[in-house]
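Input: a single structure, listed below in structure tokens.
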Amino acid sequence: MSQPPETCIYESSFAPTDKTDAILVVQGKKLHVNKTLLSCHSDYFNTLFNGEFKEKSMSEIEIEDVDFEDFATLLSLIHPKPITPTAINAERILELADRFLLPAATNYMELFLISTELAAFYKLILGDKYGLNLLIKHALSLYTVKYGLDSTD
1 MSQPPETCIY
11 ESSFAPTDKT
21 DAILVVQGKK
31 LHVNKTLLSC
41 HSDYFNTLFN
51 GEFKEKSMSE
61 IEIEDVDFED
71 FATLLSLIHP
81 KPITPTAINA
91 ERILELADRF
101 LLPAATNYME
111 LFLISTELAA
121 FYKLILGDKY
131 GLNLLIKHAL
141 SLYTVKYGLD
151 STD
């Protein structure tokens with residue numbers, strides 16, 4: 001008796017359910033999503049699904065120029081059981097959150113980056129690039145501790 005093929009976390013997180021009503025296709029792989037959920041969290045998807053575009057009536061919508069795993073991770077950040085990002089894909093996830101106008105994902109990534117052991121300088125760069133004020137404050141506090149800097153000097 002053979003075992004069914006194992007699905008990866010990205011595909012299982014976006015498998016069809018009674019709550020999904022749209023399919024996003026990325027690199028030939030399907031992500032079953034809920035239009036209302038995405039529309040509430042993203043002006044991009046709200047316009048895509050509810051605006052006067054041909055995609056509004058399409059059963060499958062191709063999303064181009066994105067990596068499947070990064071995009072699935074991004075979308076999962078507004079789900080109850082998000083796929084945990086990594087220090088390696090963090091900047092790419094932030095880029096996608098910016099591109100697809102997902103502020104909740106940006107907020108999630110900011111808190112994630114604060115919790116990582118990434119270099120303070122890199123955190124400052126990302127904080128500045130994406131307007132992540134908490135991350136900037138955190139990174140500056142790392143310099144304060146490491147070098148004994150005092151903001152009152």
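Using the UniProt record's numbering, you'd call the opening residue of the sequence shown number 1 and step up by one each time.
Note that CB positions come from ideal geometry on N, CA and C, so glycine has one too.
Per-residue DSSP class, three states only, for residue i
| i | result |
| --- | --- |
| E11 | helix |
| H138 | helix |
| I61 | strand |
| H79 | coil |
| G51 | coil |
| P103 | helix |
| L118 | coil |
| I125 | helix |
| T73 | helix |
| S42 | coil |
| D153 | Note that D153 scores 47 on pLDDT, short of 50, meaning its location in the model is unreliable and no value can be drawn from it. |
| I88 | coil |
Distance between residue j and residue i (C-alpha atoms, nearest Å)
| i | j | result |
| --- | --- | --- |
| Y44 | Y122 | 28 Å |
| T116 | E60 | 36 Å |
| T86 | L113 | 9 Å |
| E64 | I125 | 27 Å |
| F100 | L37 | 14 Å |
| G28 | N89 | 21 Å |
| E69 | Y10 | 7 Å |
| E128 | L102 | The sequence given here places Asp at residue 128; Glu does not occur at that position. Whole-angstrom Cα-Cα distance: 18 Å. |
| T20 | D98 | 24 Å |
| H79 | T144 | 36 Å |
| T111 | S141 | For the record, residue 111 in the displayed sequence is Leu; it is not Thr. C-alpha separation (whole angstroms): 15 Å. |
| L118 | S13 | 28 Å |
Residue environment, residue i, which counts as buried when at least 16 other CB atoms sit within 10 Å
| i | result |
| --- | --- |
| L132 | buried |
| D153 | Caution is warranted here: a pLDDT of 47 is assigned to D153, below 50, making its placement in the model unreliable, and the coordinate value is therefore given only provisionally. Exposed is the call here. |
| G51 | exposed |
| S76 | buried |
Beta-bridge partners of residue i, as assigned by DSSP
| i | result |
| --- | --- |
| L31 | L24 |
Proximity to residue i [Cα-Cα], best of the options
| i | options | result |
| --- | --- | --- |
| A15 | G28, V33, I78, V26 | V33 |
| L95 | I83, M109, P82, T84 | First, the residue type needs correcting, since residue 95 is Glu and not Leu in the sequence shown. For E95, the nearest C-alpha among the options comes from M109. |
| residue 154 | N46, G127, T36, N107 | What the structure shows of the chain is the stretch from 1 to 153, and residue 154 is not part of that stretch, so it cannot be assessed. |
| R92 | K81, D67, P82 | D67 |
| H41 | D128, A105, D21 | A105 |
| M58 | A22, H138, G127, D98 | A22 |
| V25 | I83, I136, A72, S39 | A72 |
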